[in-house]
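Visitor: Sharing a structure with you now.
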Amino acid sequence: MGKTGTSLRSALHSIIRNQTKLSYDQVWTALKDTDQDPNNANNVILLYTGRSQSKSSNGGGVDDWNREHVWAKSHGDFGTTTGPGTDVHHLRPTDVSVNSTRGNKDFDYGGTQIAEAPGNYTDSDSFEPRNAVKGDVARMIMYMAIRYEGTDGWPNLEMNNSVNNGTAPYHGRMSVLLQWNQMDPPDAFEKRRNQVIYDRWQGNRNPFVDHPEWATAIWG
Ligand SMILES: [Ca+2]
Ligand SMILES: [Ca+2]
Ligand SMILES: [Ca+2]
Numbered sequence: 020m021g022k023t024g025t026s027l028r029s030a031l032h033s034i035i036r037n038q039t040k041l042s043y044d045q046v047w048t049a050l051k052d053t054d055q056d057p058n059n060a061n062n063v064i065l066l067y068t069g070r071s072q073s074k075s076s077n078g079g080g081v082d083d084w085n086r087e088h089v090w091a092k093s094h095g096d097f098g099t100t101t102g103p104g105t106d107v108h109h110l111r112p113t114d115v116s117v118n119s120t121r122g123n124k125d126f127d128y129g130g131t132q133i134a135e136a137p138g139n140y141t142d143s144d145s146f147e148p149r150n151a152v153k154g155d156v157a158r159m160i161m162y163m164a165i166r167y168e169g170t171d172g173w174p175n176l177e178m179n180n181s182v183n184n185g186t187a188p189y190h191g192r193m194s195v196l197l198q199w200n201q202m203d204p205p206d207a208f209e210k211r212r213n214q215v216i217y218d219r220w221q222g223n224r225n226p227f228v229d230h231p232e233w234a235t236a237i238w239g
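Have a look at this one:
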């Protein structure tokens with residue numbers, strides 16, 4: 020409390036860095052808990068489509084759900100071994116074919132609406148999630164930037180203002196993500212998710228879900 024800029028960044032990093040680390044297989048079980056439909060305990064809510072779908076319909080079919088890396092795992096090339104690739108603060112259930120449409124694109128406005136996921140748009144170099152999850156996406160990216168500082172064998176992940184980051188450990192577009200954080204504040208679902216990850220899975224929190232205003236205190 021009372022810090023800004025690099026001193027806030029470094030304080031938050033110290034608090035969140037020693038989480039319990041999951042295997043990629045454990046992520047399936049964790050997501051069934053963290054993303055449970057509040058109105059149907061048999062289902063999860065899929066991030067981009069908003070669809071409520073059976074927890075047991077995970078898999079590889081085009082309308083199954085799978086594990087979306089919101090911070091695209093190719094950005095820093097960290098894969099799915101235990102580490103950033105299994106950190107459920109940025110992993111969400113998504114429709115398999117919509118996940119594939121998102122691919123490893125950076126986030127930005129614009130493009131053509133995705134028929135299966137109304138309100139989500141994509142073009143050749145970026146993906147725009149629906150309004151209800153724009154802030155969720157932004158805060159997941161911000162968490163990754165602060166949790167991973169290059170101090171524990173993983174790349175130093177950072178936001179930037181590009182949309183063609185490829186395999187560099189960067190994710191864009193920062194100016195847009197900062198806007199989305201303000202447009203879509205944390206709701207009950209996102210706050211519960213943060214608490215469940217803290218209580219039952221990783222023992223650490225996404226500080227930007229607790230304090231969205233810390234985004235501007237760090238990145239302006
Ligand atoms: Ca589909
Ligand atoms: Ca939201
Ligand atoms: Ca970082």
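When the count follows my numbering, it moves up by one through the sequence shown with no breaks and lands on 239 for the last residue.
Every residue gets a Cβ at the ideal spot worked out from N, C-alpha and C, and that includes glycine.
Smallest Cα separation from Asn259: which of Glu177, Gly191, Leu176?
Guide: Because the chain is modelled from 20 through 239, residue 259 falls outside the range shown and cannot be assessed.
Visitor: Compute the distance between the beta-carbons of Leu110 and His88, then report whether it is under 8 Å.
Guide: yes
Visitor: Using C-beta distances below 7 Å, list every residue in its chain close to Asn61, excluding the 5 sequence neighbours before and after it, in chain order.
Guide: Ser73, Lys74, listed in sequence order.
Visitor: Report the rounded CA-to-CA distance for Val228 versus Ser143, giving the unit in angstroms.
Guide: 30 Å
Visitor: Quick check: the Cα distance between Ala187 and Gly169, rounded to an integer number of angstroms?
Guide: For Ala187 and Gly169, the distance between alpha carbons rounds to 13 Å.
Visitor: Can you name the start and end residues of the beta strand (DSSP E) that Glu209 belongs to?
Guide: Run containing Glu209: none in the beta strand (DSSP E); it sits in the alpha helix (DSSP H), 207-215.
Visitor: Considering Cα atoms alone, identify which of Tyr128, Arg121, Gln55, Met20 is closest to Ala136.
Guide: For the residues Tyr128, Arg121, Gln55, Met20, the minimum Cα distance to Ala136 belongs to Arg121.
Visitor: Does DSSP put Leu197 in a helix, a strand or coil?
Guide: Three-state DSSP puts Leu197 in a helix.
Visitor: For the beta strand (DSSP E) that Trp84 lies in, which residues bound it at each end?
Guide: 84-88
Visitor: For Ile165, is the beta carbon positioned less than 7 Å from some heavy atom of ligand 3?
Guide: Yes; taking the cut-off as 7 Å, the Cβ of Ile165 has a heavy atom of ligand 3 nearer than that.
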